[in-house]
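One structure below.
Number of protein chains: 2
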Amino acid sequence: MNPDQPLPRKSRSSNIDRRTRLPVAQDVARLAGVSIATVSRALNEPEKVRPATREAVMKAAAELGFVLNSAARALSTRRSSTVGVIVPSYGNEVFVRALSSFQRTMRAANYQVLAASSEYDLATEMQEVSFLLQRSVDGLMLVGGIHDPDLYTRAERSQVPIIQSFSLSDRHYCVGFDNREATFRAANYLLDLGHKRVAVVTGTRENNDRAGPRAEGVRLAMAERGLELIPAHDLTVSSGIVAGRDAFGQLMGGPEEQRPTAIICGTDEIALGIMSEASERGVDIPRSLSVIGFNDSSFSAVLSPPLTTIRVDADEIGKISALALLNLMNDRTMVQMTRITPELVLRGTVAPPAKL
Amino acid sequence: MNPDQPLPRKSRSSNIDRRTRLPVAQDVARLAGVSIATVSRALNEPEKVRPATREAVMKAAAELGFVLNSAARALSTRRSSTVGVIVPSYGNEVFVRALSSFQRTMRAANYQVLAASSEYDLATEMQEVSFLLQRSVDGLMLVGGIHDPDLYTRAERSQVPIIQSFSLSDRHYCVGFDNREATFRAANYLLDLGHKRVAVVTGTRENNDRAGPRAEGVRLAMAERGLELIPAHDLTVSSGIVAGRDAFGQLMGGPEEQRPTAIICGTDEIALGIMSEASERGVDIPRSLSVIGFNDSSFSAVLSPPLTTIRVDADEIGKISALALLNLMNDRTMVQMTRITPELVLRGTVAPPAKL
DNA sequence: ACATGAGTTGAAAGCGTTTACATAGACAAC
DNA sequence: GTTGTCTATGTAAACGCTTTCAACTCATGT
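These protein sequences, in sequence, are chains A and B.
For the first sequence, UniProt numbering gives the first residue as 1, with consecutive numbering after it.
For the second sequence, UniProt numbering gives the first residue as 1, with consecutive numbering after it.
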């Protein structure tokens, strides 16, 4: 337009060089009449500077609207005050709840959390972990104990502690519960009521140490009573509500004397799918079919009938995991395993078998 | 133990000084026989270095297991490759969905996302934003257009672009929809069926530009037909399923001729609560009461009866918001407003009023 | 032969903190 | 008065990158 007008000096970065550069510690130091080191101390270790000095610094900082540059801080201290979390999926309410309380706890300790989902895929998870390590997170929370073997190596190399959640392990720090025992107890409850044909349907068991053991628990309980969990009654489906609907079809398709009289589900979503399909096909729950879910999702209590389910305190898992990780990151001693106890919540979807 | 043994030199940071220090660019440079500048270029702008050199660098980097230190990078470039998102709550599936697709899109562009929830509180939101700005996020996604006035000032000061979602604005970049129009259409659908007493129940409307307009839309549709949305039929509740149950009690408590024949809900969770309570009290949906939800949550289609609801494509909102923000952060031109169209999904919870 | 210029590379100056170390006072003990 | 101990502050060197600028290498055109 106007070639006479001198172009603004190109700044170093591609961003516009604003006259209003953000204030840095040096500016605060100048205004407060102290050195930059004192500014840093006043902000990070207030007890180490004389009250009068401290206040001068605080005042100057407030006046300028100064905020510490966290990248510089991270570079200097070699800690990012950031932790990473990888959950299998955001579609499962229980993970979101755990994530949420994990985050709340971390936030209170002045940590930021970077979250990602693996979509139940080990390679994706590894990729996300790489990304997180590159961001030099100070700690990592993972779900379950099955991961890319490289993951542990890499994390250790970067000295990033890992906390495992939702399952137990004797080789890693963990906050979780015994998945097998949970369904074992649920199955026993059904067997006590007289059920003989109990089915189990879970999400994918590949690289998953929650779903597999849940099926195991049922098998075990039945075995103890001389019953067999027949293959047709042991289903692996993709997770989610629609998967539950499909499962119903597969389980209840055969002749009546082969159909299960009760189903234990790996998630409440699957249970909901089964209930929905049952209602559509006119199968009465619980009179003709008992159903037990897992997780006690928010909707479970208000279904009709309300869903009997295995409740897991996800908030607790998230919170304790966070506290544990905080300990680990600060080289404090730390119990290796925290065991959460799932609780069988009796509601309206279980009854004795019809033919009893 | 052994006082003769010299103590290991105390390292600068409190961490243990590992013999296995992580490799830095300098190490790669040395191994590849090039300068550190070339390493940086090979990694960031491969096309600017001769193929042979590039490969030498890559090989050396791989051999050492080198990863860029993102804090150093951020400090140097003044960009963190991190964006922040604040949603009102993780308890609302629709926000989680949007967040998830936002994240996926950002991730593909090599950005990390820091997420937080405001719990529908402006002060909390502002606090989180402060925290995010301190982390020097490059961009911000917020839900709705009502925020602490400081928020915009501070963001602008840091030159952090903001994208608003789930509602529209002519003052800010936004990806959302017309909340009033959405319920307006839903209300008209009910009115066309002959309903005269339509109620509306939403979550908190304070500092919320989604819930308020949703109620507005109903009022407007009724007004156009000479009907009045009476105060007793216009409810604000805390969000969630239990809130829905309460709402049912309040709305259906009065004498029959004052009860609404249809209810439009601000979320599917509220609708679920209402349905649950209705079923418990023996009120037949849809014959005695029609219900319309909002968001089309995953469980809505499998309720019995399946919930008629206003579907909002949260994945789309998340994805487009991310793309928009990416444009903004790269000083690219950008449409100011992207309008998503909600869709009324007809299912089983609406029927003509009983007394027609 | 020489200037021109495009394409590569290296040296070095940041980026904004933290922190080891030095220094300077103040005060007590001798 | 000297010495030593403390405490509060300042100096300056990292931290590990990116990027400007200059230098250098080869073609290429004249």
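All C-beta atoms, glycine included, are put in the ideal place defined by N, C-alpha and C.
Given a cut-off of 8 Å on the beta-carbon distance, is the pair residue i and residue j in contact?
| i | j | result |
| --- | --- | --- |
| A/Asn188 | A/Ala232 | no |
| B/Leu64 | B/Leu31 | yes |
| B/Ile310 | B/Phe299 | no |
| B/Ala301 | B/Gly273 | no |
| A/Gly240 | A/Glu277 | no |
| B/Asp209 | B/Ser167 | yes |
| B/Thr338 | B/Ile264 | no |
| A/Val83 | A/Met106 | yes |
| B/Thr53 | B/Val24 | no |
| B/Leu122 | B/Val129 | no |
| B/Pro88 | B/Leu325 | no |
| A/Ser290 | A/Val350 | yes |
| A/Arg135 | A/Gly318 | no |
| B/Val67 | A/Leu132 | no |
| A/Ile86 | A/Glu125 | yes |
| B/Ile292 | B/Ala186 | yes |
| B/Ala60 | B/Val28 | yes |
| A/Gly145 | A/Ser117 | no |
Out of the options, state which residue places its alpha-carbon closest to the alpha-carbon of residue i.
| i | options | result |
| --- | --- | --- |
| A/Pro149 | A/Ser167, A/Gln127, A/His195 | A/Gln127 |
| residue 360 of chain A | A/Ile317, A/Leu344, A/Ser279, A/Ile285 | Given that chain A is displayed from residue 1 to residue 356, the structure contains no residue 360 of chain A and the question cannot be resolved. |
| B/Glu119 | B/Arg107, B/Val143, B/Ser100, B/Phe131 | B/Val143 |
| B/Arg79 | B/Thr53, B/Ser158, B/Val24 | B/Ser158 |
| B/Val175 | B/Pro352, B/Arg97, B/Asp138, B/Gln336 | B/Gln336 |
| A/Ala262 | A/Thr308, A/His147, A/Thr82 | A/Thr308 |
| B/Leu190 | B/Pro260, B/Gly203, B/Leu133, B/Phe131 | B/Pro260 |
| B/Pro305 | B/Leu326, B/Ala271, B/Gly318 | B/Ala271 |
| A/Thr341 | A/Lys319, A/Ala108, A/Val312 | A/Val312 |
| A/Glu156 | A/Arg104, A/Pro353, A/Asp138, A/Pro51 | A/Asp138 |
| B/Ser205 | B/Arg154, B/Glu224, B/Thr267 | Rather than Ser, the amino acid found at residue 205 of chain B in this sequence is Arg. Ranking B/Arg154, B/Glu224, B/Thr267 by Cα distance to B/Arg205 puts B/Thr267 first. |
| B/Glu316 | B/Leu346, B/Ser101, B/Val39 | B/Ser101 |
| A/Tyr173 | A/Gly348, A/Leu346, A/Pro353, A/Met334 | A/Met334 |
| A/Glu256 | A/Arg21, A/Leu323, A/Ile146, A/Pro353 | A/Pro353 |
| B/Ser238 | B/Leu229, B/Gly203, B/Arg21 | B/Gly203 |
| A/Gln26 | A/Arg347, A/Asn69, A/Met275 | A/Asn69 |
Could you pull the DSSP bridge partners for residue i from this structure?
| i | result |
| --- | --- |
| B/Ile162 | B/Leu140 |
| B/Glu343 | B/Arg311 |
| B/Gln112 | B/Thr82 |
| residue 357 of chain A | With chain A running from 1 to 356 in the structure shown, residue 357 of chain A is simply not present. |
| B/Ser40 | Partner(s): none; B/Ser40 has no beta bridge. |
| A/Met106 | Answer is none; A/Met106 lacks a bridge partner. |
| residue 358 of chain A | With chain A running from 1 to 356 in the structure shown, residue 358 of chain A is simply not present. |
| A/Gly176 | A/Arg339 |
| B/Phe95 | Answer is none; B/Phe95 lacks a bridge partner. |
| A/Asn295 | A/Arg311 |
| B/Val34 | DSSP lists no partner for B/Val34. |
| B/Val87 | B/Ser117 |
| B/Ser290 | B/Ala262 |
Interfacial residues, the segment 216 to 246 of chain A to chain B, with Cβ spacing under 9 Å: Considering only beta carbons, the part of the segment 216 to 246 of chain A lying closer than 9 Å to chain B consists of Gly240, Ile241, Val242, Gly244, Arg245, in chain order.
Proximal residues, the UniProt domain "HTH lacI-type" (26 to 77) of chain A versus chain B, C-beta separation under 9 Å: Listed in sequence order: Gly65, Val67, Leu68, Asn69, Ser70, Ala71, Ala72, Arg73, Ala74, Leu75, Ser76, Thr77.
Near-chain B residues of the segment 252 to 275 of chain A - C-beta to any C-beta below 7 Å: If the cut-off is 7 Å between Cβ atoms, the segment 252 to 275 of chain A has Leu272, Gly273 near chain B.
Contact set between the segment 105 to 117 of chain A and chain B, restricted to residues whose Cβ is under 8 Å from the partner: Listed in sequence order: Arg107, Gln112, Val113, Leu114, Ala115, Ala116, Ser117.
Touching by the beta-carbon criterion (3+ pairs, under 8 Å), the segment 65 to 79 of chain A and the segment 249 to 257 of chain A: Too few Cβ pairs lie closer than 8 Å, so no.
Residues in the segment 295 to 307 of chain B having any Cβ partner in chain A nearer than 7 Å: Contacts with chain A (Cβ-Cβ distance below 7 Å) from the segment 295 to 307 of chain B involve Ser298, Phe299, Val302, Ser304, listed in chain order.
Residues of the segment 132 to 152 of chain A whose Cβ lies closer than 9 Å to any Cβ of chain B, in chain order: So the list reads Leu132, Leu133, Gln134, Arg135, Ser136, given in the order they occur along the chain.
Cβ contact check for the segment 185 to 200 of chain A and the segment 108 to 117 of chain A: 3 or more pairs under 8 Å: No, the segment 185 to 200 of chain A is not in contact with the segment 108 to 117 of chain A.
Given 8 Å, three or more beta-carbon pairs between the segment 169 to 180 of chain A and the segment 212 to 220 of chain A: The segment 169 to 180 of chain A, when compared against the segment 212 to 220 of chain A, does touch it at the 8 Å Cβ threshold.
At least 3 beta-carbon pairs within less than 8 Å: the segment 320 to 330 of chain A vs the segment 284 to 291 of chain A: The answer is no - the segment 284 to 291 of chain A does not touch the segment 320 to 330 of chain A, with fewer than three Cβ pairs under 8 Å.
Contact residues within the segment 90 to 101 of chain A, judged by C-beta distance below 7 Å to chain B: Along the segment 90 to 101 of chain A, the positions whose C-beta sits under 7 Å from a C-beta of chain B are Tyr90, Val96, Ser100, read in chain order.
Against chain B: residues of the segment 156 to 182 of chain A by CB proximity under 9 Å: Hits within the stretch, in order: Arg157, Ser158, Gln159.
Residues within the segment 276 to 293 of chain B neighbouring chain A, beta-carbon criterion of under 7 Å: If the cut-off is 7 Å between Cβ atoms, the segment 276 to 293 of chain B has Ser276, Ser279 near chain A.
Residues in the segment 323 to 354 of chain B having any Cβ partner in chain A nearer than 8 Å: The segment 323 to 354 of chain B vs chain A, Cβ under 8 Å: Asp331.
Chain A contacts made by the segment 79 to 90 of chain B, where a contact means CB separation under 7 Å: Residues passing the 7 Å Cβ filter: Ser80, Tyr90.
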